[in-house]
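Colleague: In the numbering used here, the protein residues as written are 90 to 385. Note that CB positions come from ideal geometry on N, CA and C, so glycine has one too. Structure below; questions to follow.
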């Protein structure tokens with residue numbers, strides 16, 4: 090009985106010719122290839138988890154699992170429905186993930202990968218404001234908050250917002266001053282309803298229309314806050330909101346809203362922007378020059 094049990098296993102080992110076995114050679118390019126693929130998978134998963142796409146991605150995983158089970162369990166009707174649905178799956182994924190894909194492409198475009206040798210880089214001085222500009226914005230927000238005057242101020246960073254300023258706003262192209270910002274948002278004036286965009290240390294335009302967010306941010310928040318979050322989902326700019334009802338100041342960045350920030354927190358944020366903030370992506374030019382760390 091023992092021999093009968095072991096005979097198939099013995100036969101298997103007898104068929105294996107140890108002399109013909111060899112370990113495949115691994116080149117340095119293969120190791121680099123594996124590391125790059127692993128890094129790409131990690132970046133994609135981390136990026137998805139930081140956006141609304143994570144919930145949609147989990148839904149797609151469930152659909153794939155159900156389709157595999159229906160195929161192996163011979164659920165012909167369910168399999169047919171899933172096959173017909175997945176036949177247009179690529180187009181559906183592009184439509185569903187359009188905001189996230191656009192944001193990813195913008196992040197790639199603002200990185201140094203496209204800025205090598207300056208061939209595809211965007212000629213902007215953006216990402217930075219002067220200390221004087223930051224101080225004027227700070228004074229305007231504090232005064233508007235004390236007066237409970239609603240306001241929405243956008244500080245452009247590395248993603249240009251010239252199309253929004255030109256297509257939806259009124260051209261200003263004026264120096265940034267607390268008095269001018271306060272006058273723009275005075276209630277009942279023609280320019281108070283909308284956002285003022287600051288780019289290249291100038292008030293580029295006012296009364297600009299921004300896309301409102303579709304996610305829930307709180308019933309107590311109004312259109313300005315929703316526009317700030319919506320704009321930050323499609324741009325790397327800073328969006329400063331002054332509530333007309335409470336006078337509280339909020340800051341939206343990358344789809345997140347910091348509610349009720351203090352004057353000290355606002356000043357610290359503006360000083361951070363004036364200092365250059367955090368680099369939007371890995372800067373290959375800096376690595377090439379031996380400066381691997383982003384300047385803050």
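With distances taken Cα to Cα, identify the nearest neighbour of residue 337 among 243, 261 and 238.
Modeller: If we check each option's Cα against that of residue 337, 238 comes out closest.
Colleague: Is it true that the stretch 328-336 meets the stretch 252-267, where meeting means three or more beta-carbon pairs spaced less than 8 Å apart?
Modeller: No, they do not touch.
Colleague: For residue 302, which residues from the same chain have a beta carbon less than 7 Å from its beta carbon, with the 5 sequence-adjacent residues on both sides left out?
Modeller: Closer than 7 Å at the Cβ level, and outside the excluded window around residue 302, lie 315, 318, 319 and 322.
Colleague: Would a C-beta distance cut-off of 9 Å place residue 248 and residue 299 closer than the cut-off?
Modeller: Taking 9 Å as the Cβ cut-off, residue 248 and residue 299 do not qualify as a contacting pair.
Colleague: Quick check: what's the CA-CA separation for residue 117 versus residue 124?
Modeller: Each residue's alpha carbon lies about 11 Å from the other.
Colleague: My assumption, with CB atoms under 8 Å, is that residue 295 sits in contact with residue 329. Please give the rounded CB distance.
Modeller: Rounded, the Cβ-Cβ distance is 14 Å, inconsistent with contact.
Colleague: Can you check whether the CB of residue 293 is closer than 9 Å to the CB of residue 245?
Modeller: For residue 245 and residue 293, yes; Cβs fall inside 9 Å.
Colleague: Taking the C-alpha atoms as reference points, what is the distance between residue 64 and residue 187?
Modeller: With the chain running from 90 to 385 in the structure shown, residue 64 is simply not present.
Colleague: Return the chain-ordered list of same chain residues with a C-beta closer than 6 Å to the C-beta of residue 361, the five sequence neighbours on each side being excluded.
Modeller: Once the five neighbours on either side are set aside, residue 361 has no close Cβ partner at all.
Colleague: Where residue 224 and residue 121 are concerned, what is the direct C-alpha to C-alpha distance, given to the nearest angstrom?
Modeller: Rounded to the nearest angstrom, the two C-alpha atoms are 48 Å apart.
Colleague: Would you list the one or two residues that DSSP bridges to residue 297?
Modeller: Residue 297 is bridged to 284.
Colleague: Which same chain residues end up closer than 6 Å to residue 161 when comparing Cβ atoms and leaving out the 5 residues on each side of it in sequence?
Modeller: Within the same chain, residue 161 has no close Cβ partners at all.
Colleague: Beta-carbon within less than 6 Å of residue 228's beta-carbon, same chain only, minus the 5 sequence neighbours each way: which residues are those?
Modeller: Hits under 6 Å: 267.
Colleague: Please check the pair residue 304 and residue 327, which I expect to be a contact at CB under 8 Å, by giving their CB distance rounded to whole angstroms.
Modeller: Actually they are not in contact, since the Cβ atoms of residue 304 and residue 327 sit about 19 Å apart, beyond 8 Å.
Colleague: Flag this pair as yes or no: are the beta carbons of residue 310 and residue 283 separated by less than 9 Å?
Modeller: Result no, Cβ atoms of residue 310 and residue 283 do not sit closer than 9 Å.
Colleague: Relative to the C-alpha of residue 156, which candidate in 256, 163, 168 and 148 has its C-alpha closest?
Modeller: For residue 156, the nearest C-alpha among the options comes from 168.
Colleague: Run the CB neighbour count on residue 325, radius 10 Å, all protein chains shown included, and call it buried at 16 or more, exposed below.
Modeller: It counts as buried.
Colleague: Taking all protein chains shown into account, decide if residue 258 is buried (16 or more other Cβ within 10 angstroms of its Cβ) or exposed.
Modeller: Flag for residue 258 reads buried.
Colleague: Can you say whether residue 359 is buried or exposed, counting buried as having 16 or more other CB atoms within 10 angstroms of its CB?
Modeller: The residue is buried, with at least 16 neighbouring Cβ atoms inside 10 Å.
Colleague: How many whole angstroms separate the CB atoms of residue 220 and residue 363, which I take to be in contact at a CB cut-off of 8 Å?
Modeller: Their Cβ separation, rounded to whole angstroms, is 5 Å, which keeps residue 220 and residue 363 in contact under 8 Å.
Colleague: Kindly indicate which three-state DSSP category residue 115 falls into: helix, strand or coil?
Modeller: Three-state result, residue 115: coil.
Colleague: Determine which residues share a DSSP beta bridge with residue 330 and list them.
Modeller: Beta-bridge pairing links residue 330 to 241 and 339.
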